[in-house]
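Under my numbering, the first residue of the sequence shown is numbered 28, with each subsequent residue one higher.
We put the CB at the ideal spot given by N, CA and C, even for glycine.
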Amino acid sequence: MRLLLFLWLNMISQTLMAAAVLSVEEIAAGVYVHIGPHLIPDTKNHGSIANIGFIVGDRCVAVIDTGGNPEQGLALKKAIAHVTEKPICYVINTHVHPDHIYGNKAFKQAGVQFVGHAKLKASIAARGVYYLEKAEEQLAIQLSAEDLVMPDIAVAIDTPLHLDLGGRTLLLTAHQTAHTETDLSVFDAKTNTLWLSDLLFLEHIPVIDGSLSGWLAELNTLEKQHYQFVVPGHGPVRSDWPNAMQAQKRYLLAVRDGIKTVLKQGKFMEDAMVSVAYEEKQHWQLFEQFHRKNISTAFAELEWEE
């Protein structure tokens with residue numbers, strides 16, 4: 028009886044381990060993406076809400092963001108192992124938000140270098156205590172300081188970094204403050220794919236945690252380029268750039284112009300929160316959860332500019 032019970036438990040364990048492989052889609056040759064759901068991070072989804080994935084070269088693999096919790100990081104690692112036997116050489120963190128970096132520890136091993144914006148280390152350090160305190164309360168996950176992995180390689184603004192994966196070179200660009208102060212994009216010339224992460228939101232309302240004006244400036248620059256595939260931080264992969272960014276640009280402009288009108292009228296943030304850009308509500312998921320915060324962040328920025 029004990030032997031049968033042991034075999035049964037072992038079978039269940041193996042089944043669960045086999046199931047813990049993250050679903051990914053190959054959107055272009057060697058470029059794999061997991062599309063996250065449009066949800067508020069909570070104790071049910073444990074922060075697993077962002078688009079994450081990896082790019083495979085002839086020599087090694089680059090991971091692009093690791094997910095919203097350590098288990099999702101492990102599931103992504105297993106997905107990579109299912110696709111290729113090539114080793115992981117880089118983990119690229121596109122910015123500081125938890126849904127993109129909490130899976131980092133799964134990849135911390137010899138031969139793997141973590142790469143991020145030049146401001147990422149300071150940003151993780153500044154937010155670290157809060158992140159650790161709130162992880163269990165808000166996401167029902169247990170984190171330690173070891174889970175907040177710092178970058179080994181920093182990408183400076185105006186100094187793009189090339190990462191050689193063997194037969195495939197990725198171009199990493201550190202952007203001026205936009206969605207956050209730590210935004211990093213990844214360009215794969217081999218497939219003309221731009222991984223924008225949270226510099227681009229589709230369907231999910233954009234979230235301002237940096238600079239509205241800076242974000243619009245970055246979009247104006249990116250709009251002039253052509254890409255075959257663009258990977259947002261939230262939402263589906265698109266192949267119609269720059270049309271893919273127009274909804275986000277329209278929303279951000281509506282926020283900017285609406286707040287400027289309120290300021291010119293001598294009114295206050297409270298007025299902006301109940302009036303600005305509500306015509307955009309029908310176009311975005313999670314509007315109620317993030318729009319007022321966007322107004323608050325942008326109002327403080329634009330009020331200072333005025």
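Query                                                                                                                                                                       : Result
Compare the C-alpha of Leu166 against each of Trp311, Gly74, Lys291 and name the closest.                                                                                   : Gly74
To the nearest angstrom, report how far apart Ala102 and Gly262 are at their CA atoms.                                                                                      : 20 angstroms
Please classify Asp92: is it buried, with 16 or more other beta-carbons within 10 angstroms of its beta-carbon, or exposed?                                                 : buried
Do Phe141 and Val118 come within 7 angstroms of each other at the CB atom, strictly closer than that value?                                                                 : yes
Would Ile151 and Val123 be called neighbours here (beta carbons separated by less than 7 angstroms)?                                                                        : yes
Does DSSP put Trp311 in a helix, in a strand, or in coil?                                                                                                                   : coil
Output the residue ranges of the beta strand (DSSP E) runs that lie fully inside the region 168-198 and measure 3 residues or longer, sorted by chain position.             : 180-182, 188-191
What are the uninterrupted segments assigned as beta strand (DSSP E) that are 3 or more residues long and contained completely in the region 238-299, given in chain order? : 256-261
Looking at the secondary structure, which residues open and close the beta strand (DSSP E) in which Tyr117 lies?                                                            : 115-119
Hey, how far is the Cα of Val302 from the Cα of Gly293?                                                                                                                     : The identity of residue 302 in the sequence shown is Ser, whereas the question assumes Val. Cα to Cα, Ser302 sits roughly 14 angstroms from Gly293.
Nearest to Thr121 by alpha carbon, out of Ile286, Ala327, Asn131, Thr288?                                                                                                   : Asn131
With three or more beta-carbon pairs closer than 8 angstroms as the criterion, would you say the region 212-232 touches the region 179-197?                                 : yes
Do Gly95 and Tyr129 have their C-beta atoms within less than 7 angstroms of each other?                                                                                     : yes
Return the first residue and the last residue of the alpha helix (DSSP H) that Ile107 is part of.                                                                           : 97-110
Residue range of the beta strand (DSSP E) that Ser212 falls in?                                                                                                             : 211-215
If you drop the 5 nearest sequence neighbours on each side, which residues of the same chain put their C-beta closer than 8 angstroms to that of Gln312?                    : His65, Glu230, His231, Ile232
Would you check if the distance between the CB atom of Val48 and the CB atom of Lys105 is smaller than 7 angstroms?                                                         : yes
Just curious, the alpha helix (DSSP H) that Gln165 is in, first and last residue?                                                                                           : 147-166
Is any non-hydrogen atom of the ligand GTP found closer than 6 angstroms to the C-beta of Phe256, if you look at the structure I gave you?                                  : Among the ligands in the structure shown, none appear at all, so the ligand GTP cannot be discussed.
Within its chain, find whatever has a CB closer than 7 angstroms to the CB of Ala145; leave out the 5 residues flanking it on each side and keep chain order.               : Ala181, Val182, Ala183, Ile184, Ala201
Hey, would you say Val51 sits closer than 7 angstroms to Gly80, going by beta carbons?                                                                                      : yes
Run the CB neighbour count on Asp174, radius 10 Å, all protein chains shown included, and call it buried at 16 or more, exposed below.                                      : buried
Taking buried to mean at least 16 other C-beta atoms within 10 Å of its own C-beta, is Pro259 buried or exposed?                                                            : buried
Kindly indicate which three-state DSSP category Ser224 falls into: helix, strand or coil?                                                                                   : strand
Comparing C-alpha positions only, which one of Asn321, Pro68, Val88, Ser323 sits nearest to Leu190?                                                                         : Val88
Sorted by chain position, which residues of the same chain lie with C-beta nearer than 6 angstroms to Asp210's C-beta, five sequence neighbours on each side aside?         : His122, His202, Leu226
Identify the continuous alpha helix (DSSP H) that holds Ile128 and give its terminal residues.                                                                              : 125-128
Identify whether Thr93 lies in helix, strand or coil by the three-state DSSP scheme.                                                                                        : coil
Tell me the rounded alpha-carbon separation between Tyr254 and Leu243.                                                                                                      : 19 angstroms
How about Ile235 and Ala325: are their beta carbons less than 7 angstroms apart?                                                                                            : yes
Please report the residue range of the beta strand (DSSP E) in which Phe81 lies.                                                                                            : 79-83
In this structure, how does DSSP classify Thr324 when only helix, strand and coil are distinguished?                                                                        : helix
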